[in-house]
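Input: a single structure, listed below in structure tokens.
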Amino acid sequence: MSNALVKQKSSLFHDNLTSFLFIVPAVMIFSVFYIYPFCDIFKLSLHEWNGIDLQKQFVGFDNFFELINDNDWWGSLWHAGFITLVALTFQNLLAFALAFACDRELKMKNFYRVVFFIPPVLSEVVVGLIWTWILYSGTQSAEHIGLLNYFLDKIHLQHLINNWLSNPKTALPCIAIVHSWKGFGWGFIMFLAGLQTIDRQLYEAAKVDGAGYWGMLTNVTLPMMTPVICVVVILTILGSMQAFVLIISMMGNGLADYTSVPVTQILDAMVGSKRFGYACAQGVSFGLILIMISFSVKIVSDKLKKI
Amino acid sequence: MKTNKYRMLQLLGSVIIHAFLMVAAITCLFPLFWMFRSSLMSLDTIFTDKSIIPAVINFNNYVTAWIEGGFGIYLWNSILYTVVVVTGIVIISSLAAFAFSRLEFPGKNFFFIMFLAAMMIPLPGGFVPLYVLMTKLGLANTRIGYILCMINVGLSMSIILLKTFFDKMPTDLEDAARIDGCSKLRIWWHVGLPLTKPAIVVIIIFNSLNVWNEYILAQLLLNENSLMPLQTGLMKFQGSHSVDYPVLMAGLTIAAVPIIFVFLAMQKHSLKGIITGATVG
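Heads up: the protein sequence lines correspond to chains A and B, in order.
Read in order, the letters of the first sequence are residues 2 to 308 in this note's numbering.
Read in order, the letters of the second sequence are residues 3 to 283 in this note's numbering.
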């Protein structure tokens, strides 16, 4: 080999090395704090471990078999499903209606945009604690303490007064509604952005063809909005299924049988009953469920786009 | 006649639209107003007085929350974590994104796909092995441990967003700088960073919100009051038997007001930033 070639090769190596150094900090942090825990969760899910002992007991797939027969687990999935269903229907329909109302020449449009996005920037802890205070049940000197019950009392709807968060029937719906209150601003902004990209001429053309408001909505707006709607649906499902801080901040440990969701179950297995392996098995199973859900939504949406 | 009727209908329509939007806006704002109002009351009146503006206004709850409730420390911790984590994310992710977009080295695609995959795979319960790891490393209950975890949380999304942004940028300036003999690091600092300013604003806003509002990792990793951010400080009220509601409301106001003000001050950037951040995945 000639001297020049060796020199060229070593300078190429040097060049590659300095380029590689740019991603070293990111790769290091990512390997330690993401990849290692990612692998560890699968390993731990095959063990029985209290988080303290040096010895972990290998149990194979026992944790997963136990999970299949765990009624609390299935209950928690149903609760998360319920919250997601409310978010998909009530929250997103509201968001779409508001965006549709805003999609025109309108005074104070920016005011609405900003105000609707205030709940989403607040933390779940703050939102949960504010609403716990409003939904407070109980009386002092014959007056209702919580604002909602007080209000119902004053407008003579006494029969609706309720122990909102301590009644098993209303606790989960209340959580779902507060979750929607916090979340609808997201959908609103995304729908509005989508609506504003629709060419006005399409509406004009539909009008010339004799379409009414309903016809324009179903024949112009909705087909044009399909991609945006799909993104919102996937984000809503992933976000609502995994929401749990709101539940902790509203319920504490109360009524777990009626309001627990998969992530609070995982936390409970870890912090409460000190079963780290079981908590990891729940995490792995729930992750797989979420992947399956988002894949099926993706497939359905691709089919819709083709129509 | 006909035009008159049409105008009437149009007017009616706009009244209905405004009424609808206004009701939604009030529903958004009123709970916050109620929080602030309740923070100005005393324990004697808060359970019974329902007037919109309380008869006696006292700011003592803020003093109590700040000193006895520890919210002065929590607020400082939240600010510290947010600033350090976001600065870390911006530097580390822009270095990596610059390399992924502009430089050549073996294994480039492999590493990039790794970050991309992390964005796609949801990992609920990832805090369990993370907690185990932090305890093993002796980083549980330390500021640096929490900061590194939170940097990792925002890293993938920021790298991907910045890389797509870099890809769209012309390379002329960088070529010129290279010909002038600038080192890669200086090109990144003097040309790359200024060029991607809009994307970096997005990353700053999205991640600031994330860090400021983060709860579960702080709750699991930090036990000492002196290390806790606002969210975990607030949660101490949940579950204790006799909650001092006026002080809690003052604490909530302390936690909510900074983020609302930052959002309002940067609203044009914020809305865009948060939406782009959320849809990158």
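Ideal Cβ placement from N, Cα and C applies to all residues, glycine included.
- One thing to note: B/S272 has its Cβ within 9 Å of the Cβ of A/V122.
- The Cβ neighbour count for A/T219, taken over all protein chains shown within 10 Å, is under 16; the residue is labelled exposed.
- In the three-state scheme derived from DSSP, where H, G and I count as helix and E and B as strand, B/E70 is classed as coil.
- For A/Y113, a Cβ of chain B is located within less than 9 Å of the residue's own Cβ.
- Taking the Cα of B/A99 as reference, the smallest distance to any Cα among B/L164, B/I59, B/S80, B/P124 is reached at B/L164.
- Residues are counted here when their Cβ sits less than 7 Å from a Cβ of chain B; for the segment 258-284 of chain A these are P263, V264, I267, M271, F277, A280, C281, Q283, G284, given in chain order.
- B/T84 is not bridged by DSSP to any residue.
- B/V134: member of the alpha helix (DSSP H) spanning 129-139, first to last residue.
- Here the alpha carbon of A/L47 sits roughly 17 Å from the alpha carbon of B/L125.
- Taking C-beta atoms under 8 Å as the contact rule, B/S41 and B/A258 fail to qualify, at a distance of about 10 Å.
- A/W74 is outside the set of residues whose beta carbon lies under 9 Å from a beta carbon in chain B.
- Minimum Cα-Cα distance from A/H180 among the listed residues A/Q202, A/I230, A/L161, A/I131 corresponds to A/I131.
- An exposed status is given to A/D200, since fewer than 16 other beta-carbon atoms sit within 10 Å of its beta-carbon.
- Here A/A244 is near A/A81, since their CB atoms are less than 9 Å apart.
- In the structure shown, the three-state DSSP call for A/F152 is helix.
- Taking 4 residues as the minimum length, the alpha helix (DSSP H) runs contained wholly in the segment 132-203 of chain A are 148-155, 169-197, in order along the chain.
- Any Cβ of chain B closer than 9 Å to the Cβ of A/W182 would place that residue at the interface, and such an atom is present.
- If you keep only unbroken beta strand (DSSP E) runs of at least 3 residues inside the segment 91-129 of chain A, you get nothing at all.
- For the pair A/N93 and A/G188, the CB atoms are nearer than the 9 Å cut-off.
- At a C-beta separation below 8 Å, A/D41 has these neighbours in chain B: P131, V134, L135.
- Within the same chain, L166, L256, Y259, T260 come within 6 Å of A/A172 by CB-CB distance, once the 5 residues on both sides are set aside.
- B/H192: not part of any alpha helix (DSSP H); DSSP gives it neither H nor E.
- Judged by DSSP secondary structure, B/R180 falls within the alpha helix (DSSP H) whose first and last residues are 174-181.
- Three or more Cβ pairs drawn from the segment 22-42 of chain A and the segment 142-162 of chain B lie within less than 8 Å of each other, which places the two stretches in contact.
- In this structure, A/C231 is the residue among A/C231, A/K306, A/M217, A/G278 with its C-alpha nearest to the C-alpha of A/S295.
- The beta carbon of B/I161 sits closer than 9 Å to some beta carbon of chain A.
- Taking 9 Å as the threshold, the shortest C-beta distance from B/H192 to chain A does not fall below it.
- With fewer than 16 other beta carbons inside 10 angstroms of its own, B/S53 counts as exposed.
- For A/N164, the nearest beta carbon of chain B is not closer than 9 Å to its own beta carbon.
- For A/M225, the uninterrupted alpha helix (DSSP H) run begins and ends at 223-242, by DSSP.
- When the beta-carbon positions are compared, B/W68 and B/I256 come within less than 9 Å of each other.
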